[in-house]
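Numbering-wise (our numbering), the sequence shown opens with residue 506 and increments by one. Glycine included, C-beta positions come from ideal geometry on N, C-alpha and C. Notes for the one structure printed next.
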Amino acid sequence: MISPRIVGFNDAPPLVHLTLSSSNVKTGPIPVSTSGRSTCPDACPLKKSNGGKGCYGEGGPLSWHWSAVDRADRGTTFEGLCDAIAGLPAGQVWRHNQVGDLPGENNRVEKSLLGKLARANRGRRGFTYTHKPVLDEQSGPVANNRDAIAAANREGFVVNLSANGLAHADKLAALNIGPVVTILPAGVENNTQTPEGRRVVVCPAQKRDGVTCATCQLCSRGNRSVIVGFIPHGASKKHVGKMAEVNS
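Structure below.
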């Protein structure tokens, strides 16, 4: 079987898809976008094409939708996305990237595009997550990425830094460029602390029935003092939990 061609930034800016009301039971009925796989950084240990395992977007109907965006079978331009976001009601909570990462090929964040999205989000409550590299110990344009992410957060578009474990979360939090979320180690299913004593709150949607991103909104709060922890789930939860142990 021939794999679908992934449109990347070296060909033309890939399309971005916006669903105005998500049917995901954990997300709730808020707008959610999807960016192509070309935006996913090699820095993400879950990236399938880089030998990773555990990305929830690579299974089931979401993976089919993702591939359709990759093939440019559906979606809009990045400018079209910005126009749509600017047209959302004031105060609307929305999630950028149920799968995919910040605009930019692989490990790079395209500052100009992220800036456009942050400005389009003014008056709304957009949030997202990123595995783009930001630590000096990582490969890639880390200084560029830090600057772009910090600027977006200052603008009010909340970019959560995604950690691979509790110790990694400490390193990301120390940068002071945005809020932090983390995968929790296997066996940790309640609120906890990082090695440096930062408070970690387990995602409320994973702990209580009826709670969704639409009702919780914790990840959309850029000034929060807590790290949000996600319990590994799905077919690869053991692998992901072990990875988080190594990084804790």
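query	result
Checking 8 Å against the spacing of the C-beta atoms, do residue 691 and residue 746 come in under that value?	yes
Over what stretch of residues does the beta strand (DSSP E) that includes residue 522 continue unbroken?	521-524
Per the DSSP calculation, residue 665 is bridged to which residue(s)?	634
If you run the structure through DSSP and keep just helix, strand and coil, what is residue 654?	helix
Hey, which unbroken runs of the beta strand (DSSP E) at 3 residues or more fall wholly within the segment 714-749?	732-735
For the segment 583-593 against the segment 612-627, do three or more pairs of beta-carbon atoms, one drawn from each stretch, fall closer than 8 Å, so that the two count as touching?	yes
Touching or not, the segment 571-579 and the segment 692-702, by the rule of three or more beta carbon pairs under 8 Å?	no
Out of curiosity, what's the CA-to-CA distance linking residue 510 and residue 570?	Low local confidence applies: a pLDDT of 38 at residue 510 is under 50, so the model's placement there is unreliable, with the coordinate-based value given in what follows. Distance between the alpha carbons of residue 510 and residue 570 is about 14 Å.
Would you call the segment 721-729 and the segment 670-680 touching, i.e. three or more CB-CB distances under 8 Å?	no
Measuring only the C-alpha atoms, how far is residue 671 from residue 561?	20 Å
So within the segment 562-617, which uninterrupted beta strand (DSSP E) runs reach at least 3 residues, ignoring any that extend past its ends?	598-600
Would you call the segment 532-539 and the segment 598-606 touching, i.e. three or more CB-CB distances under 8 Å?	yes
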